[in-house]
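Visitor: Take this structure first; my questions come after.
In UniProt numbering, the protein residues as written are 1 to 365.
What follows is the structure, given as structure tokens:
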């Protein structure tokens, strides 16, 4: 782990003029790299997806007047707040733990730009998409300052709607689904419009993610909406072919309807009922669901056809693409998070099969 100057020590207050207004961040020193990084937190890339915009495509953000303070972490998107904070604390690369707030108004991104003392050249852009099964996670769990300082890249961490408000689909026009994926497209569009003001090259954008973030990267490679918005891709431990995709979104919708008390005679009535739920009620409904309870689907927009069919047709973004896994996938989290027995010194095959079966039942039933 690399130690950086904490956010509280703001030696410099860099300002950047974006398409939507002026933002003021702060500057930190990455001691091991002997380099400073300008940090801008909580920049909106879309309007708040609340009220009638719940279960709708993201809309461009509103311009602001004056100077926007970009020195505070944005709230994470709606999720199991306790579990989300636990996961953030477990996976963060920060020296200190960050207590994250939660809000449906969460479509923000963070930017880390290395400070150059020489000629100001446009730098490659590295976009990080967090994981979490499409139900957990936050951009601010990850500090991009060390990566920016050591590798001379502009690092962007983005957020997207999760869980019910991110992927709920009735399988028809009333709620097509894939809202979280559409948020990712909106973030990439914002980057194309604005990253040059932060020293980044909009013609050299690499998207990267882990687990559900890796699945998201794969989905963006497959989606026609994302073509031209990035130029390289990296999926760590996840692709859109298989897990977290369903061709039966109606079944997921009915389970959510039953848990929410919104069992209506039509999908239009169901969507309207869920739109009227408060953030707290959405969280309570989420707590009633299995660990991984929602998926992406064919919506006719982000996914015009199934990911497998799009891939077979080779109708994808033709970009350099790295896909990888690890030798011990999720091994760090199994004992604590999924109540697996400790397997540091080995695990009998029968026990391994049983706990795996229990996990699959917990996650997908």
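Ideal Cβ placement from N, Cα and C applies to all residues, glycine included.
What I want to know is whether the C-beta of residue 133 ends up closer than 7 Å to one or more non-hydrogen atoms of the ligand ZN.
Guide: In the structure on display, the ligand ZN does not appear, and there are no ligands present to speak of.
Visitor: Do you know how far the Cα of residue 76 is from the Cα of residue 161?
Guide: Those two C-alpha atoms are separated by around 9 Å.
Visitor: Under DSSP, the beta strand (DSSP E) around residue 69 begins and ends at which residues?
Guide: That run of the beta strand (DSSP E) goes 67-69.
Visitor: Hey, would you say residue 169 sits closer than 8 Å to residue 249, going by beta carbons?
Guide: In contact: residue 169 and residue 249 (Cβ atoms closer than 8 Å).
Visitor: Are the region 211-222 and the region 233-246 touching, with three or more C-beta to C-beta distances below 8 Å?
Guide: The region 211-222 vs the region 233-246: in contact.
Visitor: Measuring straight from C-alpha to C-alpha, what distance separates residue 105 and residue 179?
Guide: The alpha-carbon atoms of residue 105 and residue 179 are separated by roughly 14 Å.
Visitor: Rank 301, 227, 252 and 287 by C-alpha distance to the C-alpha of residue 317 and give the top, closest one.
Guide: The candidate whose alpha carbon is nearest that of residue 317 is 227.
Visitor: Hey, out of 157, 156 and 175, whose CA is closest to residue 165's CA?
Guide: If we check each option's Cα against that of residue 165, 175 comes out closest.
Visitor: Consider the Cβ of residue 354: report whether some Cβ of chain B lies at a distance smaller than 8 Å.
Guide: The structure shown contains no chain B; it holds only a single protein chain.
Visitor: First and last residue of the beta strand (DSSP E) that includes residue 401?
Guide: Missing from the structure shown is residue 401; the chain here goes from 1 to 365 and no further.
Visitor: Hey, which unbroken runs of the beta strand (DSSP E) at 3 residues or more fall wholly within the region 80-123?
Guide: Counting whole runs of 3 or more residues, the region 80-123 contains the beta strand (DSSP E) stretches 108-114.
Visitor: For residue 39 and residue 26, which I take to be in contact (beta-carbon distance under 8 Å), what is that distance rounded to the nearest angstrom?
Guide: About 6 Å; that satisfies the 8 Å criterion.
Visitor: Just to confirm the assignment, what range does the alpha helix (DSSP H) spanning residue 270 have?
Guide: Unbroken alpha helix (DSSP H) run through residue 270: 267-275.
Visitor: What's the C-alpha gap between residue 272 and residue 54?
Guide: Taking the straight line joining both Cα atoms gives about 10 Å.
Visitor: Leaving out the 5 sequence neighbours to the left and right, which residues in its chain are closer than 7 Å to residue 288 when beta-carbon positions are compared?
Guide: Around residue 288: 259.
Visitor: Starting from residue 194, trace the alpha helix (DSSP H) both ways and give me its first and last residue.
Guide: It spans 179-194 - the alpha helix (DSSP H) in which residue 194 sits, taken as one unbroken run.
Visitor: Which residue wins for smallest C-alpha separation from residue 123, given the options 142, 154, 112 and 211?
Guide: If we check each option's Cα against that of residue 123, 154 comes out closest.
Visitor: For the beta strand (DSSP E) that contains residue 247, what are its first and last residues?
Guide: First-last for residue 247: undefined, no H or E at that position.
Visitor: Taking the continuous beta strand (DSSP E) assigned at residue 151, which residues delimit it?
Guide: No beta strand (DSSP E) holds residue 151; the alpha helix (DSSP H) holding it covers 145-151.
Visitor: When you compare only the Cα positions, how much space is there between residue 84 and residue 326?
Guide: Spanning the two alpha carbons is a distance of roughly 23 Å.
Visitor: So residue 247 and residue 206 are in contact, right, with Cβ under 8 Å, and what is the actual spacing, rounded?
Guide: The Cβ separation is near 31 Å, so there is no contact.
Visitor: Grouping DSSP H, G and I as helix and E and B as strand, with all else coil, what is residue 155?
Guide: Three-state result, residue 155: strand.
Visitor: Among the residues of its own chain, which have a CB less than 6 Å from the CB of residue 48, if the five just before and after it don't count?
Guide: Closer than 6 Å at Cβ, skipping near neighbours: 105.
Visitor: Check for me: the beta strand (DSSP E) holding residue 200 runs from which residue to which?
Guide: Segment 200-210, the beta strand (DSSP E) holding residue 200.
Visitor: Taking only three categories from DSSP, how would you classify residue 36?
Guide: Residue state, collapsed to three classes: strand.
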